[in-house]
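Undergrad:
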Amino acid sequence: WAAPAQGANSHGQLGLGYESELCMSPQRLSKCSFVPHLVRCIRGGGGHVLVLDSNGRLHACGWNNRGQLGLNSTEECHNEFSMLPTEFFEEVPVESIGCGWDISGAITVTKRLFVWGSNAFQQLGICQRGFMAVRRPMPVRLPRDEAAQRISFGLRHCAVLTHDRKIYVFGRLRIMDPAPIELDITATSLHRANVMKIQAHNPQELRIVSLVSGQHHLLLKCIDLEANGRRRIVALGDNKFGQSNAFQFDEDVQQLAVGWTHSAVVLKSQRILLWGRNCYGQLGVGGFSEQQATPTPLRLQLGEGGGQSVARLHMGAEHGLLRTTTGDIYTWGWNEHGNCGNNATDNL
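Using UniProt numbering, you'd call the opening residue of the sequence shown number 1 and step up by one each time.
#1: Would residue 328 and residue 301 be called neighbours here (beta carbons separated by less than 9 Å)?
#2: Quick test of your reading: residue 59 and residue 33, contact by CB under 8 Å. State the CB separation rounded to the nearest angstrom.
#3: Under DSSP, the beta strand (DSSP E) around residue 116 begins and ends at which residues?
#4: For residue 40, which residues from the same chain have a beta carbon less than 8 Å from its beta carbon, with the 5 sequence-adjacent residues on both sides left out?
#5: From residue 349 to residue 310, what distance separates their C-alpha atoms?
#6: Which residue comes first and which comes last in the beta strand (DSSP E) that contains residue 332?
#7: How is residue 173 classed by DSSP in three states: helix, strand or coil?
#8: Check whether chain C comes within 9 Å of residue 175, counting only Cβ atoms and requiring the distance to be less than that.
#9: For residue 52, which of helix, strand or coil comes out of DSSP?
#10: In or out: residue 238 buried (at least 16 other Cβ within 10 Å) or exposed?
#11: Considering only DSSP beta bridges, list what residue 59 is partnered with.
#12: According to DSSP, is residue 178 helix, strand or coil?
#13: Please list the terminal residues of the continuous beta strand (DSSP E) segment that includes residue 73.
#14: Look up residue 99 in the DSSP assignment and give the residues it is bridged to.
#15: Measure the Cβ-Cβ separation of residue 188 and residue 143 and say whether it is below 9 Å.
#16: Would residue 108 and residue 89 be called neighbours here (beta carbons separated by less than 9 Å)?
#17: Hey, out of 24, 322 and 236, whose CA is closest to residue 176's CA?
#18: Which residue comes first and which comes last in the beta strand (DSSP E) that contains residue 187?
#19: Among 68, 31 and 26, which one has its Cα closest to the Cα of residue 15?
#20: With a threshold of 8 Å on Cβ separation, who are the neighbours of residue 338 within its own chain once the five nearest residues in sequence on each side are excluded?
#21: Quick one: what's residue 138 bridged to in DSSP?
#22: Report the partner residues of residue 315 according to the DSSP bridge assignment.
#23: Alpha carbon to alpha carbon, how far is residue 321 from residue 314?
#24: Could you pull the start and end residues of the beta strand (DSSP E) that residue 46 belongs to?
#25: Distance check for residue 257 and residue 274, CA to CA, integer angstroms please.
#26: Assuming residue 263 and residue 276 form a contact by the criterion Cβ under 8 Å, report the distance between their Cβ atoms to the nearest whole angstrom.
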């Protein structure tokens, strides 16, 4: 087992033990705080990386100017992975993680929410006074002690989906006017910080089951309970490139994914559809364009011989990465820093 890394490394975020402008081909980590075959998920921020292992332990490296690594360190950068002390999470294993530009978060197996990093826009869910940056995981109590289900970060916001299908948005996210009629959006406060509360207008008709964040937009996966459980995508936020256009699909949506200004879904049939900005080829549709307003299939032919299907779709700011069930990796889009790992810097 190995842990390869590629792309921008100006803050040591690849964990290679040094900083560099770019790594155009996958480099093997010679030293890390986790066991590669126990990696459960990896999340990347503006210049930092979090790794969650199968034991519920969290590891971090990269840019730390706002404390986004959660190591309680004032060092600007860490170019090797370090494990966050388990005491930071009250000795409870972590279940899921998320990264924003300069902020991070985690939800434990007991559904408790922790956040850390920049709070310049109240994106940690607390007033900035005395808390412009938090350098170790900080527990956040949601209204009525609701259990956190999923967490997602944009450039200046944090969105949390609770167990009873409400969403709380901390920080700055402009909602288009008028807002989607399926949703009720209200302003509230939490720990002296402004918070936006989002929920289905009629919970008997619509259920929010997942969410992902782009730079300035949110994508929600919903189940239409009045249409035989048909999956609907509801979008909020900036729509300059059509990334917040909303759609309904006849088949199940297995996964949502978003980049800075584009959106994607993986359907049950294994079709991958993308829409939004495409100036760097980040939609993977075989060309470059200012935008694509409607879902367009990813132009990808999986390896010959069959037995290969989509395991996970990941979106960077302006590039994409697809992992198949046989372990193959496909990349496309913005490649200025070698993000695509093809030993070149031309966009794909």
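C-beta: ideal position from N, C-alpha, C; glycine also.
In this text the structure is predicted, and so the values were computed from the model without any measurement.
TA: Quick look at the numbers:
#1: It is not a contact, given that the beta carbons lie outside the stated cut-off.
#2: Contact flag correct, Cβ pair sits at about 5 Å.
#3: 113 to 118
#4: 52, 53 and 54
#5: Here the chain comprises residues numbered 1 to 348, so residue 349 is not present and cannot be evaluated.
#6: 329 to 333
#7: coil
#8: In the structure shown, chain C does not exist; there is a single protein chain.
#9: strand
#10: buried
#11: 51 and 83
#12: coil
#13: Taken as a continuous stretch (DSSP letters only), residue 73 belongs to no beta strand (DSSP E), as it is neither H nor E.
#14: 104
#15: Yes; because the gap between Cβ atoms is below 9 Å, this pair is in contact.
#16: Yes, the pair counts as a contact, with Cβ atoms nearer than the cut-off.
#17: 236
#18: It spans 183 to 190 - the beta strand (DSSP E) in which residue 187 sits, taken as one unbroken run.
#19: 31
#20: The beta carbon of residue 338 lies closer than 8 Å to those of 6, 7, 8, 22, 23, 24, 25, 344 and 345 in the same chain, with the five residues before and after it left out.
#21: Residue 138 is bridged to 115.
#22: 320
#23: The alpha-carbon atoms of residue 321 and residue 314 are separated by roughly 5 Å.
#24: First-last for residue 46: undefined, no H or E at that position.
#25: 9 Å
#26: Contact check for residue 263 and residue 276: beta-carbon distance about 5 Å, within the 8 Å limit, so the pair qualifies.
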